[in-house]
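Asker: Sharing a structure with you now.
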């Protein structure tokens, strides 16, 4: 499924577009636990960065276009312009957000170390951006990335994930330091 999307990436045609987050981690988890590909995957996340067009209608047009392009795959797509997240984030999550400067900047704040990852085709292979590394993802470890989320968001995610992938090793919120803790 994800390979099909990446093989057809020219159809995405979004500036600084990446396939990201939970769909990648959950695909790894499904493979590791011998589960069907789509098990537990709520949607496929495609993000991009276009600071020159922060219009919600443009973002929705891209989402509709991609849903049509990939409808044969039978998956739910979630398409977001990371350049405009700060415009709605506070209303949804109750906290302001400094505008991102790139898609990579946004990925750096994704909720867990295992989901803070993106891929995009590059030449004959894939470019991977994983600011927290791949150790937790490949080690089936869920650890909070406290750069942006709250404990409530983390706890809600891991409660769902524990039911779907009981073999995951979930690290408690309080045991993990805040990013930059101890920095001078």
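Numbering (the working numbering), first residue to last: 101 to 284.
Quick reminder that beta carbons are idealized off the backbone N, C-alpha and C, glycines included.
1. Could you check how far apart the C-beta atoms of residue 216 and residue 230 are, in whole angstroms? I think they sit under 8 Å.
2. Using 10 angstroms around the beta-carbon of residue 272, count the other beta-carbons present and answer buried if the total reaches 16, otherwise exposed.
3. Hey, is residue 192's beta-carbon within less than 9 Å of any beta-carbon in chain B?
4. Just how far apart, CA to CA, sit residue 160 and residue 166?
5. Count the CB pairs spanning the segment 108-128 and the segment 205-219 that are closer than 8 Å, and state whether there are at least three.
6. Label residue 253 either buried or exposed according to how many other C-beta atoms from any shown protein chain fall within 10 Å of its C-beta, with 16 as the threshold for buried.
7. Going along the chain, which residues of its own chain have a beta-carbon closer than 6 Å to the beta-carbon of residue 200, five neighbours each way excluded?
8. Per DSSP, what are the beta-bridge partners of residue 180 in this structure?
9. Closer than 8 Å is the cut-off here; do at least three beta carbon pairs connect the segment 243-261 with the segment 212-226?
10. Which runs of the beta strand (DSSP E) fall wholly inside the segment 167-229 and span at least 3 residues, in chain order?
11. Would you mind sorting residue 147 into buried or exposed? The rule is 16 or more other CB atoms within 10 Å of its CB.
12. Answer with buried or exposed for residue 256, where buried requires no fewer than 16 other C-beta atoms within 10 angstroms of its C-beta.
13. Could you check the C-alpha separation between residue 133 and residue 193 for me, to the nearest Å?
14. Can you tell me the Cβ-Cβ gap for residue 269 and residue 240, rounded? I've got them flagged as a contact below 8 Å.
Answerer: According to the structure shown:
1. Position 116 of the chain shown, counted from the start, is the residue given in the question as residue 216. Position 130 of the chain shown, counted from the start, is the residue given in the question as residue 230. Between residue 230 and residue 216 the Cβ distance is about 7 Å, and since that is below 8 Å, they are a contact.
2. For the purposes of this step, residue 272 is identified with residue 172 of the chain shown, where counting begins at 1. So residue 272 ends up on the exposed side.
3. Checking the listed chains, one finds no chain B in this structure; it contains a single protein chain.
4. Position 60 of the chain shown, counted from the first residue, corresponds to residue 160. Position 66 of the chain shown, counted from the first residue, corresponds to residue 166. Distance from the CA of residue 160 to the CA of residue 166, rounded to the nearest whole angstrom, comes to 10 Å.
5. Result yes; three or more Cβ-Cβ pairs closer than 8 Å.
6. On the chain shown, residue 253 is found 153 positions in, with the first residue counted as 1. Result: exposed.
7. Looking up residue 200 in the chain shown gives position 100. Correct list, in chain order: 182, 206.
8. As a working note, residue 180 is residue 80 in the chain shown. For residue 180, the pairing in a beta bridge is given by DSSP as 147.
9. These segments touch.
10. The segment 167-229 contains, as complete beta strand (DSSP E) runs of 3+ residues, the segments 177-181, 218-222, 225-229 (chain order).
11. Counted from its first residue, the chain shown places residue 147 at position 47. Buried: at least 16 other Cβ atoms inside 10 Å.
12. Your numbering for residue 256 matches position 156 in the chain shown. By the neighbour-count rule (16 or more Cβ atoms within 10 Å), residue 256 is not buried but exposed.
13. In the chain shown, the residue the question calls residue 133 occupies position 33. In the chain shown, the residue the question calls residue 193 occupies position 93. Taking the Cα positions, residue 133 is about 32 Å away from residue 193.
14. Start at 1 with the first residue of the chain shown, and residue 269 comes out as number 169. Start at 1 with the first residue of the chain shown, and residue 240 comes out as number 140. In this structure, residue 269 and residue 240 form a Cβ contact; the two beta carbons are roughly 6 Å apart against a cut-off of 8 Å.
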